[in-house]
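Written out below as structure tokens is the structure these notes cover.
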Amino acid sequence: MEKVSFDSWPGEVMGLVGDNGAGKSTLIKMISGVYVPEEGDIYWKGERINLTSPRNARELGIETIYQDLSLADNLEATANIFLGKELVKPILGGLLVILDKKTMFQKSKQILDQLEIEVDSVLTPVRDLSGGQRQSVAIARAIYWDAQLMIMDEPTAALGVKERNKVLDLVKALKNRGVSVIFISHNLLDIFAVTDRVVIMRRGIKAGEKITGKITEDEIIKMMIGSGL
Amino acid sequence: MIQISGVSINLFKPVLQFLLNRWILLILLGFVLIFSLLQPRFFSIYNFQNIGLHTTEVLILALGQTFVIISGGIDLSVGSVLGFSGITASLVMKTLWLNMYNPILSIGLGIIAGLTAGTVLGMMNGLLIVRLKVPPFIATLGMLGIARGGTYLLTAGASVVDLPPQLVILGSSKILGFLPIPILIALILAIVAHFLLSQTPFGRHTYAMGGSRRAASRAGIAIDKHTVLIYAFSGLLAAVSGVLVVARFVTGSPLAGANDELNSIAAVVIGGASLFGGTGNIFGSVAGALIIGVLLVGLIVVNVQPYWQMVAVGIILVLAVSVDQIRHRSKDEL
């Protein structure tokens, strides 16, 4: 990947498109602390930062929903929503700290209800839920942690129509809450449905950037696969 | 009379339900029943103490192994680390005591030396796995050889005798007249391990790592540090077991712990853990260790040839895993 620059703003959904191998995953992994860029700067709210780890990025408010959802299949929805940031309570007069399972259960039910997500049981292992439900748990996790920048990698892939629309509604709800969203998708219908701006990548470089309302599908595809075709 | 039978019928169903969900306990009770019928002397306080003592060796190893297996790894070195820690402890005890030190101090410092040795070996396992990226199976297999070899080198093959006789207090005295100290220690460790695994973020992160290392890492969990801690914990527990073995026999044997790693893994798997990681719990591992203990002692009590013990453990292991697979598969196919 080489010399890619872009900005992301609160309350704005930025689409990120590109063919396989264009560098979309690499780019977002740099923003979420998984990879460290060799050159260049990342600015967060006007300040230059060094993202050292995924934990570092999450602490700043950057949440990522990967294509594989990165859920722990053997754990239930509640455990996944709080994974890495479990709520704890002191016992024995503050000597020890244990999981506050009751509060986590209540809060996870709350957030799932708020997002109008129906999960049959917050206590079954996530591997027993449907694709859309798993996606919802992943989104609920990111929202619960008050993400300021939400990166979504192919959120509607492998979802049925109803569930796809639900995800697109959630993206719009995020936008209304002032969250900044980077939305990666192969599905140009989704891009036109929710994004304000779209950045097109091709073979590791930024091929173009336009306001969604002012670009056509053909133009996007042309930039994705290279001019001359 | 009618009232009494009414009560027993009401209790019967929920107890049966409880037992069926924990079919391992049924197997355990079944074994106790069978062996008691074959040899009434089996059902005695003395024999149960015997089983308890015998079982503590593997049970303590199984506690650490539970964490390791749930996290997606495996520790084949625990038997050798048990032996190495025991030898380290006994050599320190002997050296200090023979130089006219206080026997209690010699024992105390020997125990600290043994526990340190086990923890260090466990940490080395962890570091091999996270720094050099050696798969757990290979890393701990290597440590199995290194630790066992080290044990023979340290003792030139001989047992370490001339230990402070006060060790008998640790190894053989009984609390309240019937509970041997090693069993008490094993019980306390089991409760601590269960608490750690089920009630703390550390425990939950262990399950998460077993479910998906990627998910755990992306959630911000420090998986490398966590891995080293888990293997260090396993090494520490192996050392505790090693020290207790020395205390029970008042001898440090270079053979101590041989084959215990297989029994500890069998106990954890019989207890319901998957070797792929992500599932398992302390209750199950304790039950698994007890089944193996009951089986081994039971076979001796009914005079079956000792070599059948290894066959028996192997059969139980395969049966337990098969039954577990069938239960999980039928859930998936629904």
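Protein chains in written order, with my numbering: chain Y, 995 to 1223; chain E, 765 to 1098. A virtual CB, placed ideally from N, CA and C, is assigned to each residue, including glycine.
Contact residues within the stretch 1028–1050 of chain E, judged by C-beta distance below 7 Å to chain Y: G1042 and T1043
Residue environment, F901/E, which counts as buried when at least 16 other CB atoms sit within 10 Å: Along the second sequence, one-based indexing puts residue 901/E at 137. Answer is exposed; the Cβ neighbour count stays below 16.
8 Å CB neighbourhood of H818/E in its chain, flanking five on each side removed: Working through the second sequence from its first residue, we reach residue 818/E at position 54. Counting only Cβ-Cβ distances below 8 Å, and skipping sequence neighbours, we find G1057, L1060 and V1061.
For F799/E, does the count of other Cβ atoms within 10 angstroms reach 16, so buried, or fall short, so exposed? Here residue 799/E refers to the residue found at position 35 when the second sequence is read from its first residue. Label assigned to F799/E: buried.
Is there contact here, the stretch 947–966 of chain E with the stretch 858–874 of chain E, by at least three beta-carbon pairs under 8 Å? no
Provide the residue span of the beta strand (DSSP E) that contains S1174/Y, from first to last. Taking the first residue of the first sequence as position 1, residue 1174/Y is located at position 180. Where S1174/Y is concerned, the enclosing beta strand (DSSP E) stretches over S1174 to I1178.
Give the straight-line distance between the Cα atoms of I833/E and K1166/Y, rounded to the nearest whole angstrom. For the purposes of this step, residue 833/E is identified with residue 69 of the second sequence, where counting begins at 1. For the purposes of this step, residue 1166/Y is identified with residue 172 of the first sequence, where counting begins at 1. Those two C-alpha atoms are separated by around 43 Å.
Range of the contiguous alpha helix (DSSP H) that encloses G913/E: Stepping through the second sequence from its first residue, residue 913/E is reached at position 149. It spans P900 to T919 - the alpha helix (DSSP H) in which G913/E sits, taken as one unbroken run.
Step through the CB atoms of chain E and report whether any lies within less than 7 Å of the CB of D1067/Y. The residue given as residue 1067/Y occupies position 73 in the first sequence. Interface residue, yes.
Length of the line joining the Cα atoms of D1035/Y and E1053/Y: Counted from its first residue, the first sequence places residue 1035/Y at position 41. Counted from its first residue, the first sequence places residue 1053/Y at position 59. Looking at the two C-alpha atoms, the distance is approximately 19 Å.
For the stretch 948–981 of chain E, which residues have a beta carbon sitting closer than 9 Å to at least one beta carbon of chain Y? F959, S962, Q963, T964, P965, G967, R968, H969, Y971, A972, M973, G974, G975, S976, R978, A979, A980 and S981
At the level of alpha carbons, what is the spacing between R805/E and Y865/E? By 1-based counting over the second sequence, the position of residue 805/E is 41. By 1-based counting over the second sequence, the position of residue 865/E is 101. R805/E and Y865/E: Cα-Cα distance of roughly 44 Å.
N-terminal and C-terminal residue of the alpha helix (DSSP H) that T883/E is part of: Sequence index remark: in the second sequence, residue 883/E carries index 119 (1-based). Segment P867 to V894, the alpha helix (DSSP H) holding T883/E.
Residue-chain proximity (R1128/Y, chain E), Cβ-Cβ < 7 Å: Numbered from its first residue, the first sequence carries residue 1128/Y at position 134. No, R1128/Y does not count as interfacial toward chain E.
Complete runs of the beta strand (DSSP E) confined to the stretch 1086–1166 of chain Y [at least 3 residues]: 1090–1093 and 1143–1147
Please list the partners that I871/E has in chain Y, where partner means a Cβ-to-Cβ separation under 9 Å. Locating residue 871/E in the second sequence gives position 107, counting from the first residue. Neighbours of I871/E on chain Y: none; closest Cβ ~29 Å, over 9 Å.
Enumerate in chain order the residues of its own chain whose CB-to-CB distance from H969/E is below 7 Å, with the five nearest sequence positions on each side excluded. Counting from 1 along the second sequence, the entry for residue 969/E is found at position 205. Around H969/E: A980, I985 and H990.
Kindly list the residues whose CB is nearer than 7 Å to the CB of S772/E, restricted to its own chain and excluding five residues on each side of it in sequence; keep chain order. Position 8 of the second sequence holds residue 772/E. With a pLDDT of 43 at S772/E, under the threshold of 50, the modelled position of this residue cannot be trusted; read the value that follows with caution. Correct list: empty, nothing qualifies.
Which residues of chain E have a Cβ atom closer than 7 Å to the Cβ of G1078/Y, listed in chain order? Locating residue 1078/Y in the first sequence gives position 84, where the first residue counts as 1. In chain order: A983, G984 and I985.
If we count the other Cβ atoms within 10 Å of its Cβ and call it buried at 16 or more, is P1004/Y buried or exposed? Taking the first sequence and counting its residues from 1, one reaches residue 1004/Y at position 10. Under this definition P1004/Y is an exposed residue.
Residues of the stretch 1020–1051 of chain Y whose Cβ lies closer than 7 Å to any Cβ of chain E, in chain order: P1048 and R1049
Under three-state DSSP, which class holds S946/E? Position 182 of the second sequence, counted from the start, is the residue given in the question as residue 946/E. One point to set straight first is that residue 946/E is Pro, not Ser, in the sequence displayed. Here P946/E sits in helix by DSSP.
Backbone secondary structure at Y995/E - three-state DSSP: Residue numbering aside, residue 995/E sits at position 231 when the second sequence is read from its first letter. The answer is helix: DSSP assigns Y995/E an H, G or I state.
R1191/Y vs I1205/Y beta-carbon contact at 7 Å: Along the first sequence, read from residue 1 onward, the residue named residue 1191/Y stands at position 197. Along the first sequence, read from residue 1 onward, the residue named residue 1205/Y stands at position 211. Yes.
I'd like the list of long-range same chain contacts for Q803/E, defined as Cβ closer than 7 Å, with 5 residues on each side in sequence excluded. By 1-based counting over the second sequence, the position of residue 803/E is 39. Once the five neighbours on either side are set aside, the close Cβ partners of Q803/E are V1065 and V1066.
Classify A1020/E: buried if its beta carbon has 16 or more other beta carbons within 10 angstroms, exposed otherwise. Reading the second sequence from its first residue, position 256 is the one you call residue 1020/E. It is buried - the Cβ of A1020/E has at least 16 other Cβ atoms within 10 Å.
Thinking C-beta only, is L792/E closer than 7 Å to I1055/E? By 1-based counting over the second sequence, the position of residue 1055/E is 291. By 1-based counting over the second sequence, the position of residue 792/E is 28. For I1055/E and L792/E, yes; Cβs fall inside 7 Å.
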